[in-house]
Amino acid sequence: MAKTKTDTVQTEVKKTATSKENTNLEIFESAEALQSRLSKTEEFAKNNQKLLAGVGIGIVVIVLGIILYQWNIQSRNAEAQKELFPAQFYFEKDSIRKALKGDNANTTIGLEAIAEEYGSTKAGKLANFYIGIAKLKEGKYDEAIEALENFNPGDLLLQARVYSLIGDAYMEKNDFVNAISYYKKASNYNPNEYFTPIYMSKLALAQEQNKDLEGARETYKRIVDEFEQSSEKANAQKRLAMLDQKLGKK
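Residue numbers for the sequence shown follow UniProt numbering, so the first one is 1 and each next one is one higher.
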């Protein structure tokens, strides 16, 4: 039978593969072949000393840069922590203006300055969290939303709290659609027995305000069915009964 074009190609491929295998075997089985390969490597190194030296220096510079960056971040975070502690004290004492702007005694530059100056540090990011709550207390809801959206806690419980606070700001603005969106995020983020029912109660209230009675009813029912030990259950049962009556449910 005559060889087809395909057969010829396959034969050539096999020859090439066999040739490569034999070459590799020679390197391992023949001292002369191995010495030849090593000599070529040495020759390459001699001919490219400047290139190899440059690559080596480049790697060292990158590693040192990373180390220096991490050290700088840690140092800056320590500075920010010193400023943040007295600001937190004022915040907890409801001295909102001193917490935000700092004080005449220069014990702290204030949360706003900390967030701006140390924004890349953990303490600087945490300052945005306190700013958000402080702005909520002052009734400056857009500023509260902006600060809270700039805060990325990297903490499961705290992230849900941030979503809930943003929802609170939108509720105060009577923007029920966005409030519902953020309360849903809070409710669905790392659900737990204690906080999730609270977020769901806020969600149901926002749904009621948005005239979504069926949605609110479903949320209240979930609280009753899924969180039996929650302190939110009693109120959810009352609201559920009221909505059942309004909607003609048995």
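For every residue, glycine included, the Cβ atom is placed at its ideal position computed from N, Cα and C.
Please read all numbers here as calculations on a predicted model, not as lab measurements.
Mark residue i as exposed unless 16 or more other C-beta atoms lie within 10 angstroms of its C-beta, in which case mark it buried.
i: residue 152; result: exposed
i: residue 177; result: exposed
i: residue 194; result: exposed
i: residue 164; result: buried
i: residue 157; result: exposed
i: residue 97; result: exposed
i: residue 236; result: buried
i: residue 20; result: Low confidence applies here, because residue 20 scores a pLDDT of 43, under 50, leaving its location unreliable and the question unanswered by this model.
Out of the options, state which residue places its alpha-carbon closest to the alpha-carbon of residue i.
i: residue 173; options: 201, 161, 199, 209; result: 209
i: residue 207; options: 95, 227, 240; result: 240
i: residue 190; options: 94, 159, 140; result: 159
i: residue 169; options: 202, 192, 155; result: 202
i: residue 228; options: 192, 248, 246, 242; result: 192
i: residue 304; options: 235, 186, 140, 132; result: Because residue 304 is not part of the residues shown, which for the chain are 1 to 250, the question remains open.
i: residue 140; options: 171, 214, 235; result: 171
i: residue 196; options: 249, 219, 212, 147; result: 219
i: residue 132; options: 91, 108, 213; result: 91
i: residue 249; options: 85, 214, 166, 117; result: 214
i: residue 150; options: 136, 128, 167; result: 128
i: residue 119; options: 147, 245, 108; result: 147
i: residue 232; options: 198, 108, 245; result: 198
i: residue 211; options: 85, 234, 175, 221; result: 175
Whole angstroms are fine: how far does the CA of residue j sit from the CA of residue i?
i: residue 205; j: residue 76; result: 43 Å
i: residue 134; j: residue 115; result: 14 Å
i: residue 179; j: residue 200; result: 12 Å
i: residue 144; j: residue 225; result: 34 Å
i: residue 105; j: residue 162; result: 31 Å
i: residue 142; j: residue 87; result: 22 Å
i: residue 110; j: residue 138; result: 16 Å
i: residue 216; j: residue 230; result: 18 Å
i: residue 247; j: residue 223; result: 19 Å
i: residue 182; j: residue 112; result: 24 Å
i: residue 99; j: residue 242; result: 43 Å
i: residue 94; j: residue 102; result: 13 Å
i: residue 245; j: residue 130; result: 42 Å
i: residue 167; j: residue 188; result: 14 Å
i: residue 117; j: residue 184; result: 33 Å
i: residue 221; j: residue 107; result: 50 Å
i: residue 85; j: residue 238; result: 43 Å
i: residue 136; j: residue 234; result: 28 Å
**Asked** Okay, do the region 122–135 and the region 76–89 touch, 3+ Cβ pairs below 8 Å being the bar?
**Response** The region 122–135 and the region 76–89 touch, with no fewer than 3 CB-CB distances between them shorter than 8 Å.
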